[in-house]
Amino acid sequence: MFFVTYLRRELRRRMRQAVFIALGLALGVGLVVTVAAASAGVKKAQSGVLGALYGVGTDVTVTGAPPKSQAPTAGGGGGVTGLKNEAGKSFDTLTSSYSGISASKVAEVARLHGVAEAAGGIALQVTSITFPKNFGSPGSSSLPQPSSFTLDGVDTGHPSLGPLSTASLTSGHSFTAADADANVAVVDSGYATSNSLKAGSVLTIDKIKFTVIGIVRQAQASSPPDVYVPLARAQDMSLQSGSLKSDVNTIYAAASSAAGISAVSKEISTLLPHATVTTAASLASEVTGSLSSAAKLAGDLGKWLSVLVLIAAFAVACLLTMSAVARRVAEFGTLKAIGWRTRRIVAQVLGESVAMGIAGAAAGVGLGFAGAAIITKVAPKLSATVGGNTGAQASAAGGAKPAPPASAPGGGGHLALIGGSGAHTVSVPLHPSVTVGVIVLAVVLAVAGGLLAGSFGSWRIARLRPADALSRVA
Amino acid sequence: MYKLTGVTKLYQKGRRTVTAVAGLDLVIEDGEWLAVQGRTGHGKSTLLNLLGGLDRPTEGTIELDGTNLGALRETQLTRLRAEKIGFIFQTFNLIPTLSAAENVEAALIPLGVSGAGRRAKIAAALDAVGLADRAGHLPTELSGGQQQRVAIARALVKEPKVVLADEPTGNLDEDTRDDIIALLEDLWRERGLTLVLITHDTSLARRAQRVGVMNKGRLTIHQATGSAAAPMPKPSATPPSG
């Protein structure tokens, strides 16, 4: 009790100095909390983007080699030779940004050392065009505008891999293993809303009627596939560049351990030398845009600024504590004279410093929360761009919507639509999050600052000879 | 009983070696009141520090009840100070943030006295110096004389064998000085303390049983004739040689 009374009274006597030290520590800690929160927010946004592109639980994505340049010639599905004769008809053109990989390779990938699970998938771009009934007659409108959506063939036996694994169900139900050969579809909520689809609706793709069994929602930051169908149904579809029967164009693999991802990636590259193998790490390195800049800002400038402010706060705390000890030399000398052991006096000084550290920690966490709230309030939405002819592009196609078709129906009466394969940009809101870990870090840092300052003071006290201390009494 | 044998204390002041105490032989009997006078810088405070175990002699031995203080480890010396020696300083040296009672309590902390026993001792000590009604006052709320009374209570609360006082009336006005002198004398008589008192005040020194004069580190003992002169213990100090 005496310890607490003495500590409290001493801090009260040096109130201004104590507040100054605590505020200094609070500023440093607050900055650390804010930067850590922003950094966590950026990481969360990044993982949101990557997870959406990639699928939670998927460690490695393998895509077939990019196809050779597709000339705007007759498409698959309903190839058209005389536009005038197509009045009143609808056509779906399906394209793949990747060459096919034999489905048997999925099992081979699954058997590789370090691979826990593997699943095949097919990512397609579907472009639809509907010619009005009066198309071609005098006074009719010009060529109708095509619409496009993305379609994902899902291995219903491995629901934990691929883009659908990140989705949350909003109505109906998702695929079961029994749906492997069924004409059923799961639709993204955004696509469902814009096309007035709901569970039970019927959706026609490539002249096949699919019953919508569920509506799902993906992360806000992602551009998910619009429609999911069982893999076998996607394999049955006719592509502009040929059939993917018995093929997949994407393989999703989960490694047995995070440490083994790199080795698994290499093994798959050896097994499938022409395929593009992408890991979350390689994908992350391909992300550009303001999200990437924010990550760099938080990681570099923020970190070093925090370190500098903390060092300054620690230095000020140390100097002020040393100065306080210097002013109290006679007091400590007296305590030594009346029989106080050095460690008891040191404990008293350390207690005062730790109390200031705790006050600094509390204020710092408050400042950190305020900083995070300000960032949330004022920070513009970040953009993440994944693109180029790289592995990142491969993943983008796995779950993101490629650029819209570059060309309209081609000449010569042939409908030719080219699936996009360019850069993919998503807009990500930045939500700094102050985690328990960050709060603990803040408290530890502030208390450490207090302890450091107290240690300097204690060092001086330990060296103090009582006779010298008492001789300094005015 | 203190027994000092050939005690010398040298200080290094730059390149110069200063002799603060030179070859001092002295015996201070239990219950004796020894006053030490002398000009500033002639070793009075150094002698008091040596007696209190706050400093160690460069040469010679200082024994308190047969224990050689110079041979004790710092923790043992600290313990000895906590148990046996009370200090009274010219500038009172009270902790400014603590009340009178808490300042007195500070002396009991190293002894581990706790609870009701501690409170009773504090109350008795403050009562003995006439400050029972000022227990909750901070030093700044007390006069100089009252502050010195608190310092005396702090020195006596642990019931020490020895009290070492360094100019206890040096910062007090004449009336207060007389009060403090009377208080010290009463406590010395009542409690059978060994009192070593450093003072410039000749009237105060004369009340001691013996008076020593420090001159350039050497102590010369004189017989006192004041109120405390009887009963006089056997003089046992010898002037320092050469």
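The listed protein sequences derive, respectively, from chains W and F. Counting the first sequence from 1 gives a position; my numbering is that position plus 5. Counting the second sequence from 1 gives a position; my numbering is that position plus 25. We put the beta carbon where it would ideally sit given N, CA and C, even for glycine. Being a predicted model, the structure only gives us computed values, none of them experimental.
Chain F within 7 angstroms of residue i, Cβ atoms only
| i | result |
| --- | --- |
| residue 61/W | Caution is warranted here: a pLDDT of 49 is assigned to residue 61/W, below 50, making its placement in the model unreliable, and no coordinate value can be reported. |
| residue 364/W | no |
| residue 472/W | yes |
| residue 346/W | yes |
| residue 342/W | yes |
| residue 336/W | yes |
| residue 332/W | no |
| residue 18/W | yes |
| residue 374/W | no |
| residue 7/W | yes |
Residue i versus the options, residue with shortest Cα-Cα distance
| i | options | result |
| --- | --- | --- |
| residue 379/W | 129/W, 40/W, 26/W, 18/W | 40/W |
| residue 164/F | 32/F, 125/F, 184/F, 227/F | 125/F |
| residue 199/F | 229/F, 187/F, 245/F, 217/F | 229/F |
| residue 456/W | 26/W, 8/W, 7/W | 26/W |
| residue 149/F | 212/F, 53/F, 91/F, 193/F | 212/F |
| residue 218/W | 172/W, 178/W, 210/W, 241/W | 178/W |
| residue 221/W | 191/W, 202/W, 327/W, 215/W | 191/W |
| residue 229/W | 207/W, 195/W, 235/W | 195/W |
| residue 194/F | 167/F, 185/F, 205/F, 184/F | 205/F |
| residue 475/W | 114/F, 67/F, 38/F, 127/F | 114/F |
| residue 207/W | 200/W, 377/W, 117/W, 216/W | 216/W |
| residue 23/W | 354/W, 256/W, 473/W | 354/W |
| residue 127/F | 96/F, 172/F, 184/F, 59/F | 172/F |
| residue 151/W | 95/W, 381/W, 284/W, 333/W | 95/W |
| residue 383/W | 236/W, 121/W, 435/W, 336/W | 435/W |
| residue 129/F | 67/F, 43/F, 184/F | 184/F |
Proximal chain W residues relative to residue i, where beta-carbon distance stays under 7 angstroms
| i | result |
| --- | --- |
| residue 193/F | Simply none; closest approach about 13 angstroms. |
| residue 84/F | In chain order: nothing, as chain W lies at least about 17 angstroms away. |
Interface residues of chain W facing residue i [CB-CB closer than 9 angstroms]
| i | result |
| --- | --- |
| residue 226/F | Per Cβ cutoff of 9 angstroms: no residues; residue 226/F is ~19 angstroms from chain W at best. |
| residue 65/F | Here the premise fails: no neighbours, minimum Cβ distance about 12 angstroms. |
| residue 107/F | 343, 344, 345, 346 |
| residue 104/F | 344, 346 |
| residue 179/F | 343 |
Proximal chain W residues relative to residue i, where beta-carbon distance stays under 8 angstroms
| i | result |
| --- | --- |
| residue 243/F | Those within 8 angstroms of residue 243/F in chain W number zero; the least Cβ separation is about 20 angstroms. |
| residue 100/F | 346 |
| residue 144/F | Within chain W, no residue comes near residue 144/F; the closest Cβ sits about 12 angstroms away, beyond 8 angstroms. |
CB contact below 7 angstroms: residue i versus chain W
| i | result |
| --- | --- |
| residue 50/F | no |
| residue 79/F | yes |
| residue 261/F | In this prediction, residue 261/F scores a pLDDT of 44, lower than 50, which makes its location untrustworthy; the coordinate-derived value is nonetheless stated afterwards. No, its Cβ sits nowhere closer than 7 angstroms to a Cβ of chain W. |
| residue 132/F | yes |
| residue 112/F | yes |
| residue 216/F | no |
| residue 164/F | no |
| residue 46/F | no |
| residue 128/F | no |
| residue 135/F | yes |
| residue 240/F | no |
| residue 196/F | no |
| residue 93/F | no |
Environment of residue i [buried if 16+ CB atoms lie within 10 Å]
| i | result |
| --- | --- |
| residue 27/F | buried |
| residue 341/W | buried |
| residue 345/W | buried |
| residue 36/F | exposed |
| residue 170/W | buried |
| residue 232/W | buried |
| residue 410/W | For residue 410/W, the predicted structure reports a pLDDT of 35, less than 50, and the residue's modelled location is therefore unreliable. The matter cannot be settled from this model. |
| residue 9/W | exposed |
| residue 269/W | buried |
| residue 130/W | buried |
| residue 207/F | exposed |
| residue 118/W | exposed |
Per-residue contacts from residue i into chain F (C-beta, under 7 angstroms)
| i | result |
| --- | --- |
| residue 14/W | 122, 123 |
Contacts that residue i makes with chain F (C-beta to C-beta distance below 9 angstroms)
| i | result |
| --- | --- |
| residue 339/W | 112, 114, 118, 119, 120, 131 |
| residue 475/W | 70, 74, 79, 112, 114, 118, 191 |
Where residue i meets chain F, residues with beta-carbon distance less than 8 angstroms
| i | result |
| --- | --- |
| residue 10/W | 123, 127 |
| residue 456/W | Neighbours of residue 456/W on chain F: none; closest Cβ ~22 angstroms, over 8 angstroms. |
Next on the checklist: Give the list of continuous beta strand (DSSP E) stretches no shorter than 3 residues that lie fully inside the stretch 168 to 203 of chain F.
Outcome noted: 187 to 191
Item to check | Sequence ranges, alpha helix (DSSP H) only - wholly within the stretch 87 to 154 of chain F, length at least 4 | outcome: 99 to 109, 125 to 131, 140 to 153
Checklist entry - In chain order, which continuous runs of the beta strand (DSSP E) of length 3 or greater are located wholly inside the stretch 62 to 90 of chain F? => result Runs of the beta strand (DSSP E) spanning 3 or more residues and lying entirely within the stretch 62 to 90 of chain F occur at 84 to 89, in chain order.
Checklist entry - Which whole runs of the alpha helix (DSSP H) in the stretch 213 to 264 of chain W are 4 residues long or more, in chain order? => result 236 to 241
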